[in-house]
Structures are given as structure tokens and as C-alpha cells.
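Novice: Let me give you the structure first, and then I'll get to my questions.
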Amino acid sequence: MSDSAVQEVLEDGHELRMGFFEHLDELRYRLTRAVLSLVAGTTIGIFFADRVLMLLQEPFCRIPTVDSCELIILNPTGNIIIYFKVALMVGGILSIPLVTYQLLMFILPGLTRKEKRYVYLSLPATTFLFCVGVVFAWRILMPPALGFLNEFQAQIFEPEWTADGYISFVTSLLFWMGVAFQTPLIFFLISLLGLVSAGTLIRQWRIAIVGAAIAAALITPTIDPVNMFLVMAPLLALYTLSIALVYIGRKLSGVDRKK
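In short: position in the sequence shown from 1, add 195, done, that's my numbering.
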């Protein structure tokens with residue numbers, strides 16, 4: 196089923212439910228276009244990867260103990276791999292709106308016309324929240340994280356960071372924090388479907404803390420508690436914001452009144 200496909204609508208504003216195989220076909224359709232948008236974004240990112248690399252190098256150059264801004268490459272193809280890794284990150288950032296659009300179009304059949312309007316209005320917020328997450332990680336998380344990693348046990352170890360290790364750490368932190376900042380919007384959209392309530396999120400606060408710890412461990416490829424806490428704190432703040440947005444979403448959709 197494509198965007199141009201004619202869909203019947205019930206009088207209450209809900210679209211007719213699709214069968215199992217129709218859902219699979221719709222999922223394949225959306226995933227294909229999401230991947231194509233990522234490929235297109237990565238292609239554009241190839242032309243800007245060198246500039247992004249220079250930008251990502253700046254925090255490393257500002258470390259007091261660093262004598263040279265040049266990062267170490269340990270294998271012949273390391274620089275090429277890093278270049279395309281950065282291009283892929285740029286492609287992921289550029290394709291965020293289109294990927295989100297495909298995701299929303301997949302779940303839209305379960306929404307009423309009124310709920311669709313709220314979804315469309317929230318669509319531009321995906322890019323905005325992602326950029327806020329990237330800026331937050333760049334300005335707030337990156338300096339103390341790099342400083343801690345560079346100074347940890349400095350009397351024993353002499354830090355010699357490789358290009359692959361440094362760029363992987365930075366791009367992972369920036370990209371996944373951008374994704375994490377979209378959590379409130381995701382919960383808001385789910386609340387429009389009536390699948391979650393603010394009370395449920397409040398009662399599951401223990402699970403939220405464990406989930407934030409796991410996410411922090413995945414986002415930061417280090418095991419030190421300092422960097423994990425730096426990532427966990429904003430994740431838990433986003434969870435708190437999600438509770439408020441879920442409450443608003445339930446009110447807007449009228450789910451509570453229907454009950």
C-alpha cells in the first residue's frame with residue numbers, strides 16, 4: 196500500500212484495519228523508502244564528511260595535554276572507513292525527517308483524522324529535537340566526558356587516542372543523544388493511540404531508571420560511571436517530560452473521556 200493508495204474510512208474517522216499480509220507489505224514499503232532516504236542522505240554526506248571531520252576534531256584539539264591535533268591511524272584503510280562512517284552519520288541526520296515520516300505513515304491507519312492532525316503538526320519537531328540532542332551532547336556532555344577520559348589515571352597511562360576510537364566515541368554520543376531526545380515525541384504519539392498513560396509511566400519509574408542505565412551504557416562505549424551518569428541524567432529528564440506529554444496527548448485524543 197502506497198501513499199497514493201485509496202483507503203476507506205469509517206464514519207468515526209478510523210481507517211479500516213488491514214490484514215496480516217497487507218501489514219507486511221506496508222512495512223516493506225515503508226522500510227524500503229526509509230533505507231532509500233538514508234542512502235540519499237549518506238550520498239550527500241560524502242561531500243561534507245571532510246568538513247564534519249574537521250569539526251569533530253576540534254574538541255580533541257582543545258584538550259590541554261594534546262600536542263598535535265592529528266589523530267593516529269593504525270591500518271591502511273582506517274581513514275577511508277572513518278570518512279564513510281562520518282558520511283553515514285550525516286546521512287542518518289539528514290534522513291531523520293523522512294524516516295520518521297515513513298514510521299508515522301505506517302502507524303497512521305490506527306489514528307483518527309483529529310489525531311492525524313496532531314501527528315502532522317508534531318512531525319517538524321523530530322528534526323528540532325534531534326538537533327537539540329546533538330547540541331546538548333556537543334556543548335554539555337562532550338567537554339567533561341573527554342576531559343575525564345583524558346585525565347583518568349594520567350600518572351599511569353599516557354593517552355594516545357586513535358582516529359577510529361575517538362571518532363566512533365564522538366559520533367556515537369552525538370547521534371544517539373539526538374535520537375534519545377525524540378523519546379518524548381514518541382511517547383506523545385503512542386499516547387494518541389491510547390497505548391500508554393501518564394500513570395503507567397509514573398508507576399514504571401524503576402524500569403525507566405534501569406532502561407536509562409542500559410541506554411547510557413550503549414550510547415557511551417565506556418564503562419566509567421561518570422560518562423554513564425552524564426548520559427543518564429538527561430535521559431531521565433526526557434522521561435519526566437514524556438510523562439507530561441503523554442498526559443497532554445491523552446487529553447487531546449479524548450481517550451480518557453471515551454472510557
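Backbone N, C-alpha and C fix where the C-beta goes; we use that ideal spot for every residue, glycine too.
If distances are taken between C-alpha atoms only, which option among Phe255, Ile258 and Arg445 comes closest to Leu384?
Specialist: Arg445
Novice: Thinking just about the alpha-carbon of each residue, which of Gly286, Ile443 and Leu316 is nearest to the one in Phe299?
Specialist: It is Leu, not Phe, that sits at residue 299 in the sequence shown. The residue with the shortest Cα to Cα distance from Leu299 is Leu316.
Novice: Under the three-state reduction of DSSP, which class applies to Ile267: helix, strand or coil?
Specialist: strand
Novice: Spatial neighbours of Leu396 within its chain, please: CB distance less than 8 Å, with the 5 preceding and 5 following residues excluded, ordered by chain position.
Specialist: Excluding residues within five positions, the ones whose Cβ falls inside 8 Å are Phe382, Ala403, Tyr434, Ser437, Ile438 and Val441.
Novice: Taking the continuous alpha helix (DSSP H) assigned at Trp371, which residues delimit it?
Specialist: Ala358 to Ala375
Novice: Are the segment 352 to 364 and the segment 321 to 336 touching by the rule of at least three beta carbon pairs closer than 8 Å?
Specialist: Here the segment 352 to 364 does not lie against the segment 321 to 336, with fewer than 3 beta-carbon pairs under 8 Å apart.
Novice: With DSSP run on the structure shown, which of helix, strand or coil describes Phe243?
Specialist: helix
Novice: Once DSSP output is grouped into helix, strand and coil, what is the label at Glu346?
Specialist: helix
Novice: Where are the alpha helix (DSSP H) runs, 4 residues long or more, that stay fully inside the segment 371 to 439, in chain order?
Specialist: 378 to 387, 393 to 398 and 400 to 414
Novice: Going by DSSP, what residue range makes up the alpha helix (DSSP H) through Pro319?
Specialist: Pro319 to Phe331
Novice: Out of Leu283, Ile258 and Thr295, which one is the CA nearest neighbour of Ala340?
Specialist: Ile258
Novice: Buried or exposed: Met249, going by 16 or more other Cβ atoms within 10 Å of its Cβ?
Specialist: exposed
Novice: Would you please state the rounded distance, in angstroms, between the beta carbons of Ile362 and Lys280? I believe it to be under 8 Å.
Specialist: Taking the Cβ atoms as the reference, Ile362 lies roughly 7 Å from Lys280, within the contact range of under 8 Å.
Novice: Is Val327 a contact residue of the ligand ZN, with contact defined as CB to any heavy atom under 6 Å?
Specialist: As far as ligands go, the structure on display features none, and thus does not contain the ligand ZN.
Novice: Report the three-state DSSP secondary structure of Glu353 (helix, strand or coil).
Specialist: Correct three-state label for Glu353: coil.
Novice: Please report how far the alpha carbon of Leu318 lies from the alpha carbon of Thr227, in whole angstroms.
Specialist: Approximately 20 Å between the Cα atoms of the pair.
Novice: Output yes or no for whether 7 Å exceeds the beta carbon distance between Thr295 and Thr321.
Specialist: yes
Novice: State yes or no: is the C-beta of Leu458 within less than 7 Å of the C-beta of Ala410?
Specialist: Residue numbering for the chain in the displayed model covers 196 to 454; residue 458 lies beyond these limits and cannot be assessed.
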